[in-house]
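See structure below.
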Amino acid sequence: MKNTNKTNRIARTLTAAMAAVMMMTAAASVTASADTSAAASMSVSTAASKSGGYLYHGKKVIEGHYKVDGNGNYSFKYSDGFFKVDPRQYDPHMATMSCALAHASCTNVIDGDYSKGAEDVESILTQAGFKDFFANDDYLKKPTADSVGCAIANKTVDLGNTEKRIISVTIRSANYGAEWVSNVTLGKSGEAKGFSDSARKVLDSIGDYITAHPETAKDVREGRASFWFQGFSRGGAVANLAAKKAIDYYTVKYGCTVYAYCIEAPQGGIAAAEDHSCDYSSIHNIINPDDIVPYVAPTGMGFKRYGVDHYLNGTDAGEIKNSTLFKNNLCDNSYEKSVSEERLALVKKHIAGMAGANNVSEHAPYAAENKKFEINISERSADIKNAGGSVITSELIKNTFDDVCKKISRNDYVNKKYEDAVRHLMIFNQTGGGLRSLQNVLDLKSLGISVVKDVYTPSGIVGIVMAVFPWTAPALTPVLIRTADLTISDFLASAKKILGEDAKLRTALKDYPGGADQALNDIHSLASAVIPTFKNLNAMVTFGVNAAELIKNHSFIQTCAWLRSYDSWFEDSLEDSSTVYEIPVCTGGITIPFDWKNFGCTYGS
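Heads up, the sequence shown is in my numbering, so the first residue is 321 and it goes up one at a time.
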């Protein structure tokens with residue numbers, strides 16, 4: 321048993337330093353790309369369109385175009401008929417339109433001027449017939465760690481037997497700079513602090529907006545108003561919490577309804593905050609299970625999304641799904657179904673339509689690959705290679721988060737200053753040199769070998785290899801030097817020392833909060849906490865290598881393409897009928913039967 325424990329310990333510590341930096345640079349790609357991928361590849365949209373005018377629940381479908389950060393030419397389709405549908409019913413057309421609004425919410429910055437930050441989302445809403453557009457102050461200034469941008473407008477919709485005031489609330493969902501810091505600010509208790517504080521600010525803005533428009537205020541008081549929330553990523557998480565708070569107040573007090581489409585949203589809610597007398601099933605969360613971002617903040621720390629999760633990559637065109645609503649709507653509820661080649665082809669077609677044929681690979685769905693760490697004994701070198709075999713992307717992400725949360729609680733995250741360390745990294749990424757800049761000065765292979773050489777003699781290196789890969793040369797297995805007393809801390813201390821002596825790295829970290837020494841302390845602290853949570857060496861390498869590529873699955877372009885592939889207004893392969901092509905909802909939790917009503921689309925000349 322002692323030898324087995326020693327072997328396991330060595331296996332975990334062998335490349336601890338390399339993996340630590342590898343994971344931090346992977347995080348660099350996640351944090352840097354999550355904000356910028358929204359506005360990438362601005363090309364003319366060529367999405368499929370039905371011929372002639374058409375109606376939705378007797379209401380005209382408005383076709384228009386929008387830009388993102390002042391660039392591109394993307395199409396959207398809107399109808400007042402959205403609001404003739406029960407808000408608890410998932411509407412694929414409204415989902416696509418909500419994604420377009422979130423896409424357009426990317427801050428429009430002109431030579432450092434933020435005063436026209438909400439111009440693109442205003443353009444969409446104006447084309448759709450909304451009026452009294454308002455963008456809060458945070459939207460029109462350079463973002464800070466505590467800011468949140470939101471845009472509000474309203475219109476009156478004739479529903480036949482009554483009129484309803486629609487209040488659209490768009491949460492800024494891209495190009496929000498330092499706001500990224502609040503994404504990793506969880507706090508010690510309650511809802512995730514960063515998202516919750518932002519949601520309260522949004523509700524304050526809504527209250528101020530209603531007060532400033534007496535006719536709107538009258539409709540709200542008399543229950544003739546509906547709120548429509550949209551957001552993507554951080555914007556989706558804030559929209560999720562804001563929609564829940566709107567139900568708690570405006571639905572309970574006045575009888576107003578809420579429509580919410582929260583796209584690729586992290587988790588910011590907690591079960592204890594839910595009012596069990598309220599129905600949150602009108603909050604629709606559109607989730608790609610192969611995207612890392614919706615797993616933040618982790619289920620293992622007690623977080624959840626309010627409402628219903630709908631998974632993007634499970635149902636083929638033409639399949640009608642009778643859905644089930646779940647009370648405990650956590651991101652680890654599993655829905656496993658392989659994506660057909662036909663579905664992927666549709667998604668890639670729509671990616672090409674939005675981003676251009678030459679940019680499909682940049683936004684195409686990414687599937688994780690198994691990796692392994694190999695050491696060449698004779699050359700005393702190391703490399704990361706494909707391990708073969710299959711790995712389910714969503715399981716890789718979920719299992720990694722679950723394993724981390726088994727060792728690191730929410731209290732640990734805050735009290736042991738991991739939250740501070742991650743906040744420093746986010747600030748540096750958005751306002752300093754950027755984590756990606758570290759990739760230009762780090763040679764991970766050299767670092768890994770330097771650490772091994774620093775703590776082991778040459779024969780000791782052979783011993784490590786034998787402990788981890790005993791089948792390589794069994795005769796050398798007994799050669800173990802200094803393995804019994806070495807821990808992960810020894811490897812990380814060595815890595816910290818070696819990195820601290822790297823002049824180029826210190827220069828790259830000069831704008832880090834607290835300087836290069838603080839950066840090394842933060843990375844050392846996080847690596848010491850996270851690395852032991854991995855089951856084995858290859859699991860650590862597999863996640864670290866794939867994390868940088870998985871951010872491709874957190875892309876507005878890809879998500880819009882998924883949604884268009886399920887939307888008969890954009891996809892000609894879907895029949896024109898009254899059936900709903902439903903994307904799958906989550907499984908697990910406590911089931912509550914729900915009758916999904918069909919709704920139709922009538923085409924005219």
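We put the beta carbon where it would ideally sit given N, CA and C, even for glycine.
query	result
Buried versus exposed call for Ala592 [16 or more other C-beta atoms within 10 Å across all chains shown]	exposed
Minimum C-alpha distance to Ser838 - residue among Ser597, Ile747, Pro685 and Ser525	For clarity, residue 838 is Gln in the given sequence; the question names Ser instead. Minimum Cα distance to Gln838 is reached at Ile747.
Range of the contiguous beta strand (DSSP E) that encloses Asp478	Cys470 to Asp478
Identified DSSP bridge partners for Trp548	Ser488 and Tyr579
Local Cβ density within 10 Å of Asn456, reported as buried at 16 or more and exposed below that	buried
Among Gly834, Ser848 and Gly835, the one whose alpha carbon lies nearest that of Ala815	Ser848
Whole-Å CB distance - Tyr394 paired with His385, under 8 Å assumed	6 Å
DSSP three-state assignment for Asp732, whether helix, strand or coil	helix
Under 9 Å between C-beta atoms of Gly588 and Phe515	yes
Between the CA atoms of Lys475 and Arg492 - distance to the nearest angstrom	20 Å
Segment contact flag, the region 707-722 with the region 826-843, C-beta cutoff 8 Å, min 3 pairs	no
When Asp887, Ile871 and Phe863 are compared against Pro685, the one with the closest alpha-carbon	Ile871
Helix, strand or coil at Ala863 according to DSSP, with G and I counted as helix	Correcting the residue type first, residue 863 is Phe in the shown sequence and not Ala. Looking at Phe863 - three-state DSSP - the assignment turns out to be helix.
Where Leu375 sits in the DSSP three-state scheme	strand
Buried versus exposed call for Cys419 [16 or more other C-beta atoms within 10 Å across all chains shown]	buried
Cβ-heavy atom distance, Met674 to the ligand FMN, below 8 Å	Annotation note on the ligand FMN: not contained in the displayed structure, which lists no ligands.
Residues of its chain near Lys691, where Cβ-Cβ distance is below 6 Å and the 5 sequence neighbours each way are ignored	Ile704, Ala707, Val861, Thr862 and Val865
CB-CB length for Ile382 against Ala473, believed under 8 Å	Between Ala473 and Ile382 the Cβ distance is about 14 Å, and since that is not below 8 Å, they are no contact.
Beta bridge counterpart(s) of Ile704 as assigned by DSSP	Phe693
Selection from Val734, Leu745 and Phe811 that minimises the alpha carbon distance to Ile769	Phe811
Whole runs of the alpha helix (DSSP H) within the region 417-457, excluding any shorter than 4 residues	439-447
Best match in Glu535, Gly543, Ser502 and Val540 for proximity to Ala617 [C-alpha to C-alpha]	Ser502
Whole alpha helix (DSSP H) elements within the region 572-633, 4-residue minimum	none
Spatial neighbours of Arg541 in its chain, beta-carbon cut-off 8 Å, leaving aside the 5 residues before and after	Tyr574
Proximity to Trp318 [Cα-Cα], best of Leu523, Ile486, Thr482 and Lys462	Lying outside 321 to 925, the shown extent of the chain, residue 318 is not represented and no answer is given.
Pairwise C-alpha distance: Gln750 and Ala836	16 Å
Three-state secondary structure assigned by DSSP to Ser757	helix
Separation of Pro852 from Val489, as counted between CA atoms	43 Å
Under the three-state DSSP convention, the category Tyr398 falls into	strand
Buried versus exposed, by CB contacts within 10 Å (16 or more), Glu584	buried
Nearest to His874 (by Cα), restricted to the options Tyr886, His683 and Asp842	His683
Nearest-angstrom Cα separation, counted from Ile612 out to Glu535	43 Å
Cβ neighbour criterion (16 or more within 10 Å) applied to Pro426	With the sequence shown as reference, residue 426 is identified as Cys, and Pro is not the correct amino acid for it. Under this definition Cys426 is a buried residue.
Burial state of Lys484, where buried means 16 or more other Cβ atoms lie within 10 Å	buried
Residue interval of the alpha helix (DSSP H) (run including Ile567)	Taken as a continuous stretch (DSSP letters only), Ile567 belongs to no alpha helix (DSSP H), as it is neither H nor E.
Val628 burial status per 10 Å Cβ neighbour count (16 or more: buried)	buried
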